[in-house]
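In the working numbering, the protein residues as written are 6 to 120.
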Amino acid sequence: NNMPVPTQFDYNNEYFMNGQNIGNSLWGFRNVTIAYPEVLSAISAINNKIIQTKHIMNGQNIANAIYSLQSLSDSYIEIKDILASIAFKIVVSDAQLSGLDVAMVLYGLKSKDCT
């Protein structure tokens, strides 16, 4: 792979996560039930990328991201942090959520304490 390494931070370039990348990267966690340290480290790394990017998430991206965290307890700060980052992305997005998007978000939050 001969992709050039970015030499400066350009938050709009292809090397930073867009909304689809965020949703897809978290999708793999949807059946993870045990928050091993490695899982939490991966979640933190993805969260750092979410914070760095200025890309806007659409309804499906938002739904996939939150749905994917359904099995992980929010008793871990890493889970609370990533939920907060996604919540910020929702606030700055002008996306219209479909009925399916709303259902997926609610299902993803069903086991969260959210306090």
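Ideal placement from N, C-alpha and C gives every residue a C-beta, glycine not left out.
Whole-Å CB distance - residue i paired with residue j, under 8 Å assumed
i, j, result
"L111", "N69", "With a Cβ gap of about 14 Å, L111 and N69 do not count as contacting."
"N29", "S76", "Not a contact, Cβ separation roughly 17 Å."
Coarse secondary structure for residue i, derived from DSSP in three states
i, result
"I87", "helix"
"S103", "coil"
"F34", "coil"
"Q25", "helix"
Proximal residues to residue i (C-beta, below 6 Å), its chain only, five neighbours per side dropped
i, result
"A100", "N63 and G64"
"S98", "I61 and M62"
"D79", "K85, K117 and D118"
Rounded straight-line distance, which links the Cα of residue j to that of residue i
i, j, result
"I67", "P42", "25 Å"
"Q57", "K94", "11 Å"
Limits of the alpha helix (DSSP H) - the one that residue i falls within
i, result
"L45", "P42 to Q57"
"I67", "G64 to Y72"
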